[in-house]
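> So the protein lines, in turn, are chains A and B.
All residue numbers for the first sequence refer to my numbering, where the first residue is 1 and numbers rise by one.
All residue numbers for the second sequence refer to my numbering, where the first residue is 1 and numbers rise by one.
In this text, a Cβ means the ideal position worked out from N, Cα and C, and glycines have one as well.
Following this message is one structure expressed as structure tokens.
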Amino acid sequence: MASISSLPPAGAEIRLEKISIEFGGLPVVSDIDLTVGAGEFVCLLGPSGCGKSTLMNLVAGFVPAAAGLATIGGNPIDGPGRDRGVVFQSTEALFPWLTVQENVEYGPSMRGVGRAERAEAARHYIDLVGLSHAASRFPAELSGGMRQRAQIARVLINEPSVVLMDEPFGALDAQTREVMQAELDRIWQATRPTILFITHDIWEAILLADRVVTMTAGPGARLKTIAPIALPHPRELASPEALEIYRELREGIAEEVRRTLQAQGLDRGIAA
Amino acid sequence: MRTASSLIEFAKRVSGAAPGRFFTGLLSVMLGVFLWEVLSWRFTPLFLPSPGLTLQSAVELWDDGTLIQSIGASLARIMAGWSLGVLIGFPLGMLMGYFPFVRRLLDPYVEFFRFIPPISFITLAVIWLGPGELSKVILITYTTVFIVMINTIAGVVATSELRLRAAAALGASRFKILTTVIFPSTIPSMVTGARVAMGNSFLTIVSAEIVAAQTGLGSLIWTSRNYGKTEWVFVGIITLGVLGYLCDRIVRLFVKRTLKRYAVAV
Chain A
1 MASISSLPPA GAEIRLEKIS IEFGGLPVVS DIDLTVGAGE FVCLLGPSGC GKSTLMNLVA
61 GFVPAAAGLA TIGGNPIDGP GRDRGVVFQS TEALFPWLTV QENVEYGPSM RGVGRAERAE
121 AARHYIDLVG LSHAASRFPA ELSGGMRQRA QIARVLINEP SVVLMDEPFG ALDAQTREVM
181 QAELDRIWQA TRPTILFITH DIWEAILLAD RVVTMTAGPG ARLKTIAPIA LPHPRELASP
241 EALEIYRELR EGIAEEVRRT LQAQGLDRGI AA
Chain B
1 MRTASSLIEF AKRVSGAAPG RFFTGLLSVM LGVFLWEVLS WRFTPLFLPS PGLTLQSAVE
61 LWDDGTLIQS IGASLARIMA GWSLGVLIGF PLGMLMGYFP FVRRLLDPYV EFFRFIPPIS
121 FITLAVIWLG PGELSKVILI TYTTVFIVMI NTIAGVVATS ELRLRAAAAL GASRFKILTT
181 VIFPSTIPSM VTGARVAMGN SFLTIVSAEI VAAQTGLGSL IWTSRNYGKT EWVFVGIITL
241 GVLGYLCDRI VRLFVKRTLK RYAVAV
């Protein structure tokens, strides 16, 4: 376990300064300033197509910035790396030819961790996400929720200082999603990486995040508001405080959705 | 009775079909043979030998060793050439698909040679490699390489972007991504290519044996002409069909057993 557990488990700070990202010469996001503190859980909330995923892809190192500076723990981002784990919305990201155990061992095996050592580490993280009974199964033999747990274990075994999650529970049914949200909350409390989490589910953001960041409608999306959620974990969504936060966030998002529809000339019947 | 039922059991396993479908297939074959029989009543054996006569000559050719020798010669050439072709075509396709430089380097040759039928090289193959086995084997290899390569390239290009990103984010180097993500993702296309190439190998071997061989099924079909033995031609053709079918089944069975996790649809 030495080379795995010797990594610092604490989160690293994500700092974005005047970030703009273009795609095919068109601005996707413009002038973004955002700092996510070490060990903080930040949710990016916004209407579809507003550039949330693009911003996350920048932090992951999948796309470059057209302008601005992006750093992780003070170091400029230069391509993907195992200090930033990515949990994708689609479980297609799992390797279908590997079992759960082998999928989770993938990261350690890439950096030459010995067979016995990485098997033991994988068992630990598979247990952490509650998949021990399915370790020898292939992704195709698992439910959507189980696959997402496998993806999370595969990311956590690398002990990343930053975990990026792009609507990880978006494709799950409502009941499974609730269980997974509670699990993520528990795992985050236990391991404490910095988490940047994308969602369009306002309740999900309130349940999980330290701060919720909303974005304006694209193209050239900007940050709109940053709202701290000062409620104790695990959170009770039925509380009056949570409802008040929900109402505010919802109003902000609705405004952006209306703006998008107006821009597309699709607002008749909604405007009133 | 026991042997008969176990024979049917074996046939079912080889054909991989459910009982109902298997018997539909069997019925269809019996109907075809019956039509052939009826047609043969109207013609001379030189024009259209009957199923009975064909079976009888098959038994004769089997008994004097000609048939088994022809099968052996053709199969050996196909197996050697095809295996070599897959072994060359797969890695080449991977490299061409992954490294644009290698692709640009080899593309002119691929685009040129893939339109030239293998049989047009038979004269050169004999001049350069001699009239022995090597010229035939290399011709089969040539047939196989391009088909496997082109299919493999398509597989590499179609590798899920999501999985490439996932691997990179988990710390895989560019080379490791090639061996641990692109290689397994490409196996289904490679298998498709290998199966198509197997069929084409049968086409090539018969032409090559007709032109330049004393043994093999192609040679058997061609020499039958000298004796006016149309039924031998039928024996040769039917043997080819059955052999091709069996070879494909064996490849599929092997793939099902060993490459199941790579989601190869066979």
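Just the chain B side, please: which residues come within less than 8 Å of residue 92 of chain A by C-beta, in chain order?
As a working mapping, residue 92 of chain A is identified with position 92 in the first sequence. Residues of chain B passing the Cβ test: 160, 162, 163.
> How many Å lie between residue 8 of chain A and residue 158 of chain A at the Cα?
Locating residue 8 of chain A in the first sequence gives position 8, counting from the first residue. Locating residue 158 of chain A in the first sequence gives position 158, counting from the first residue. Bear in mind that a pLDDT of 45 at residue 8 of chain A, under 50, signals an unreliable position, so the number given afterwards is only what the model happens to contain. Put simply, the backbone Cα of residue 8 of chain A is about 11 Å away from that of residue 158 of chain A.
> In chain A, which residues lie with their C-beta within 9 Å of the C-beta of residue 184 of chain B?
Along the second sequence, one-based indexing puts residue 184 of chain B at 184. Chain A residues near residue 184 of chain B: 95, 96, 97, 98.
> Would residue 128 of chain A pass as a contact of residue 93 of chain A if the rule is Cβ separation under 8 Å?
The residue given as residue 128 of chain A occupies position 128 in the first sequence. The residue given as residue 93 of chain A occupies position 93 in the first sequence. No, Cβ-Cβ distance for residue 128 of chain A and residue 93 of chain A is not below 8 Å.
> Could you compute how far the alpha carbon of residue 180 of chain A sits from the alpha carbon of residue 171 of chain A?
In the first sequence, residue 180 of chain A corresponds to position 180, counting from 1. In the first sequence, residue 171 of chain A corresponds to position 171, counting from 1. The alpha-carbon atoms of residue 180 of chain A and residue 171 of chain A are separated by roughly 12 Å.
> Residue 226 of chain B: buried (16+ other C-beta within 10 angstroms of its C-beta) or exposed?
In the second sequence, the residue the question calls residue 226 of chain B occupies position 226. Residue 226 of chain B should be labelled exposed.
> Exposed or buried, what is residue 75 of chain A when buried is set at 16 or more other beta-carbons lying within 10 Å of its beta-carbon?
In the first sequence, residue 75 of chain A corresponds to position 75, counting from 1. Per the 10 Å Cβ criterion, exposed.
> Taking a Cβ distance cut-off of 8 Å, strictly less, list which residues of the region 69–87 of chain A are near chain B, in chain order.
Residues of the region 69–87 of chain A whose Cβ lies closer than 8 Å to any Cβ of chain B, in chain order: 79, 80, 81, 82, 84, 85, 86.
> Rank A:111, A:219, A:184 by C-alpha distance to the C-alpha of residue 50 of chain A and give the top, closest one.
In the first sequence, the residue the question calls residue 50 of chain A occupies position 50. Out of A:111, A:219, A:184, A:219 has the C-alpha closest to the C-alpha of residue 50 of chain A.
> Buried or exposed for residue 82 of chain B, going by 16 or more other Cβ atoms inside 10 Å?
Indexing the second sequence from 1 puts residue 82 of chain B at position 82. Burial call: buried.
> If we ignore side chains and look at the alpha-carbon of each, how far apart do residue 259 of chain B and residue 186 of chain B end up?
Here residue 259 of chain B is taken as the residue at index 259 of the second sequence, counted from 1. Here residue 186 of chain B is taken as the residue at index 186 of the second sequence, counted from 1. Between residue 259 of chain B and residue 186 of chain B, the C-alpha separation is close to 12 Å.
> What residues in its chain sit with their C-beta under 8 Å from that of residue 172 of chain B, if we drop five residues either side in the sequence?
Indexing the second sequence from 1 puts residue 172 of chain B at position 172. Taken in chain order, the residues that qualify are 180, 181.
> Could you list the residues in the region 139–154 of chain A with a C-beta less than 9 Å from some C-beta on chain B, going in chain order?
Under the 9 Å Cβ criterion, the region 139–154 of chain A contributes 140, 151, 154.
> List, in order along the chain, the chain B residues whose C-beta lies closer than 8 Å to that of residue 107 of chain A?
On the first sequence, residue 107 of chain A is found 107 positions in, with the first residue counted as 1. Those within 8 Å of residue 107 of chain A in chain B are 170, 171.
> Beta carbon of residue 85 of chain A, beta carbon of residue 169 of chain B: below 8 Å?
Locating residue 85 of chain A in the first sequence gives position 85, counting from the first residue. Locating residue 169 of chain B in the second sequence gives position 169, counting from the first residue. Yes, these two residues count as a Cβ contact at 8 Å.
> Assuming residue 18 of chain A is part of the beta strand (DSSP E), what are its boundary residues?
Within the first sequence, numbered from 1, the residue matching residue 18 of chain A stands at position 18. Where residue 18 of chain A is concerned, the enclosing beta strand (DSSP E) stretches over 14–23.
> So, at 8 Å on beta carbons, what are the nonlocal neighbours of residue 28 of chain A in its own chain, with the 5 sequence-adjacent residues on each side left out?
For this step, residue 28 of chain A is matched to residue 28 along the first sequence. A distance below 8 Å between beta-carbons, with the five flanking residues on each side excluded, links residue 28 of chain A to the following residues of its chain, in chain order: 21, 22, 51, 54, 218, 219, 220, 221.
> Give the C-beta separation of residue 150 of chain B and residue 114 of chain B to the nearest angstrom, bearing in mind that I take them to be a contact with Cβ-Cβ under 8 Å.
Along the second sequence, read from residue 1 onward, the residue named residue 150 of chain B stands at position 150. Along the second sequence, read from residue 1 onward, the residue named residue 114 of chain B stands at position 114. Residue 150 of chain B to residue 114 of chain B, Cβ: 7 Å. Contact.
> Going along the chain, which residues of its own chain have a beta-carbon closer than 7 Å to the beta-carbon of residue 213 of chain B, five neighbours each way excluded?
Sequence index remark: in the second sequence, residue 213 of chain B carries index 213 (1-based). These residues qualify, in order along the chain: 136, 219.
> With 8 Å as the threshold, decide whether the Cβ of residue 110 of chain A is near any Cβ in chain B.
Residue numbering aside, residue 110 of chain A sits at position 110 when the first sequence is read from its first letter. At least one chain B Cβ lies under 8 Å of residue 110 of chain A.
> Taking only heavy atoms of the ligand GTP into account, decide whether any of them is closer than 7 Å to the Cβ of residue 93 of chain A.
The ligand GTP is absent from the structure shown, which contains no ligands of any kind.
> Please list, in chain order, the residues of the region 253–265 of chain B that have any C-beta partner in chain A closer than 7 Å.
Of all residues in the region 253–265 of chain B, those with a C-beta nearer than 7 Å to a C-beta of chain A are 261, 262, 263, reading in chain order.
> Please tell me whether residue 20 of chain B has its Cβ less than 8 Å away from any Cβ of chain A.
Position 20 of the second sequence, counting from 1, holds the residue named residue 20 of chain B. Residue 20 of chain B does not count as touching chain A.
> Nearest by alpha-carbon distance to residue 120 of chain B: which of B:202, B:106, B:208 is it?
The residue given as residue 120 of chain B occupies position 120 in the second sequence. Among B:202, B:106, B:208, the Cα nearest to that of residue 120 of chain B is on B:208.
> Which one or two residues does DSSP pair with residue 85 of chain A in a beta bridge?
Taking the first sequence and counting its residues from 1, the one referred to as residue 85 of chain A is at position 85. Per DSSP, A:163.
> Leaving out five residues before and five after residue 159 of chain B in sequence, what residues of the same chain have Cβ atoms less than 6 Å from its Cβ?
As a position in the second sequence, residue 159 of chain B is number 159, starting the count at 1. Around residue 159 of chain B: 182, 185.
> Go ahead and pull the three-state DSSP assignment for residue 51 of chain B.
Numbered from 1 along the second sequence, position 51 holds the residue referred to as residue 51 of chain B. The answer is helix: DSSP assigns residue 51 of chain B an H, G or I state.
> Output yes or no for whether 8 Å exceeds the beta carbon distance between residue 191 of chain B and residue 255 of chain B.
Start at 1 with the first residue of the second sequence, and residue 191 of chain B comes out as number 191. Start at 1 with the first residue of the second sequence, and residue 255 of chain B comes out as number 255. Annotated as proximal: residue 191 of chain B and residue 255 of chain B, with beta-carbon spacing under 8 Å.
> Considering only the beta carbon of each residue, do residue 140 of chain A and residue 96 of chain A sit closer than 8 Å?
Start at 1 with the first residue of the first sequence, and residue 140 of chain A comes out as number 140. Start at 1 with the first residue of the first sequence, and residue 96 of chain A comes out as number 96. Between residue 140 of chain A and residue 96 of chain A, the C-beta spacing is below 8 Å.
> Residue 227 of chain A and residue 211 of chain A look like a contact to me (Cβ under 8 Å); what is the Cβ gap, rounded to whole Å?
As a position in the first sequence, residue 227 of chain A is number 227, starting the count at 1. As a position in the first sequence, residue 211 of chain A is number 211, starting the count at 1. 7 Å between Cβ atoms; contact.
> Evaluate residue 240 of chain A with the Cβ neighbour count: other Cβ atoms within 10 Å of its Cβ, from every protein chain shown; 16 or more gives buried, anything less gives exposed.
The count along the first sequence starts at 1 and reaches residue 240 of chain A at position 240. It counts as exposed.
> Entirely within the region 178–258 of chain A and at least 4 residues each: give me those alpha helix (DSSP H) ranges in chain order.
202–208
> Residue 72 of chain A by DSSP, collapsed to three states: which one?
For the purposes of this step, residue 72 of chain A is identified with residue 72 of the first sequence, where counting begins at 1. DSSP places residue 72 of chain A in strand when its eight states are reduced to three.
> Leaving out five residues before and five after residue 62 of chain B in sequence, what residues of the same chain have Cβ atoms less than 7 Å from its Cβ?
In the second sequence, residue 62 of chain B corresponds to position 62, counting from 1. So the list reads 68, once near-sequence residues are dropped.
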